[in-house]
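Visitor: Have a look at the structure that comes next, please.
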Amino acid sequence: MFRSLSRRLFKLLLWFVAGSVLLVLLFRWVPPPGTMLMVERKIESWIDGEPIDLKRSWRPWKELPDDLKIAVIAAEDQKFAEHWGFDVPAIRAALAHNERGGSLRGASTLSQQVAKNVFLWSGRSWLRKGLEAWFTALIELFWSKQRILEVYLNSVEWGDGVFGAEAAARYHFGIGAPYLSRQQSSLLAAVLPNPREWHAGRPGNYVARRAGWIRRQMTQLGGTHYLEQLKPATPI
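Quick note on the numbering used here: the sequence shown kicks off at 1028 and runs consecutively.
In structure tokens, the structure reads:
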């Protein structure tokens, strides 16, 4: 019985590995039709008795404004071009901070956020973290940095039912994503830690200050010249 169970578990593991690799390879070229976070938000709204309409429209890399790309990197992951999916010093600093108590601090890179939002559910379990590490390694292996950022900008949550840069630009500013200004881009990046509570189109003092800090960081990183480091060896 033990051997039979072991064989079945091993087969399931092989199917999972093969399936996850094929799925990541598919999304290297094909836009993900949705994300697990979108499914989660939809189910939550049904449970709350207030169903929401999910808003999301895909914009390819060339149509996404450079200012928004660099603003998100400045706000969320300034070592994005350098690491292989995990910012080890930031993880160590977050662990040390959390051990001292107080508010929890995260250290997720953009790659980890894509892995979690697209393929997994929310939560802090060790199983979910282990799967997040697996999918993060896969997308870093098979996708370019440009592709990771492209999927991120088309999938990240920017309000209740608002996902991706195009829906966010229309929801917060009433314009398409390609027409976002530098200031608007920084405001969108500024609300990412709490997009369901903060509003980029009606920023409070904290969000406005954070957006100003992000613009300064954008300049220090080299502005849009930073994006040259993300170019793939071959076209996406």
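No residue lacks a Cβ here, since even glycine has one placed at the ideal position from N, Cα and C. This structure is a prediction, so every number in the text was calculated from the model and none was measured.
1) Classify V1115 as helix, strand or coil using the three-state DSSP reduction.
2) So the alpha helix (DSSP H) W1185 belongs to, where does it begin and stop?
3) Are the CB atoms of P1230 and L1215 nearer to each other than 8 Å?
4) Give the straight-line distance between the Cα atoms of M1063 and N1232, rounded to the nearest whole angstrom.
5) Given this structure, state the Cα-to-Cα distance separating Q1210 from W1153, to the nearest angstrom.
6) Mind checking which residues open and close the alpha helix (DSSP H) that includes K1096?
7) Could you name each continuous beta strand (DSSP E) segment of 3 residues or more that falls completely within the stretch 1192 to 1256, going from the start of the chain to the end?
8) Does the separation of the CB atoms of P1092 and A1238 fall below 8 Å?
9) Short of 6 Å in beta carbon distance, which residues of its chain neighbour E1177, apart from the five on each side in sequence? Order them along the chain.
10) Using 8 Å as the threshold, is the C-beta distance between L1248 and Q1105 below it?
Guide: Per the coordinate set shown:
1) Sequence index remark: in the sequence shown, residue 1115 carries index 88 (1-based). DSSP, read as helix, strand or coil, puts V1115 in helix.
2) Translated into the one-based positions of the sequence shown, residue 1185 becomes position 158. The continuous stretches of alpha helix (DSSP H) do not include W1185, and DSSP gives it neither H nor E.
3) To locate residue 1230, count along the sequence shown from 1; it is residue 203. To locate residue 1215, count along the sequence shown from 1; it is residue 188. Their beta carbons are not under 8 Å apart, which means P1230 does not touch L1215 by this criterion.
4) Sequence index remark: in the sequence shown, residue 1063 carries index 36 (1-based). Sequence index remark: in the sequence shown, residue 1232 carries index 205 (1-based). Between M1063 and N1232, the C-alpha separation is close to 32 Å.
5) Position 183 of the sequence shown holds residue 1210. Position 126 of the sequence shown holds residue 1153. Cα-Cα distance, rounded: 38 Å.
6) Sequence index remark: in the sequence shown, residue 1096 carries index 69 (1-based). Per DSSP, K1096 belongs to the alpha helix (DSSP H) from D1093 to E1103.
7) You should have found no qualifying run.
8) Counting from 1 along the sequence shown, the entry for residue 1092 is found at position 65. Counting from 1 along the sequence shown, the entry for residue 1238 is found at position 211. No, Cβ-Cβ distance for P1092 and A1238 is not below 8 Å.
9) In the sequence shown, residue 1177 corresponds to position 150, counting from 1. Around E1177: W1088.
10) Residue 1248 sits at position 221 when you count from the first residue of the sequence shown. Residue 1105 sits at position 78 when you count from the first residue of the sequence shown. Cβ atoms of L1248 and Q1105: closer than 8 Å.
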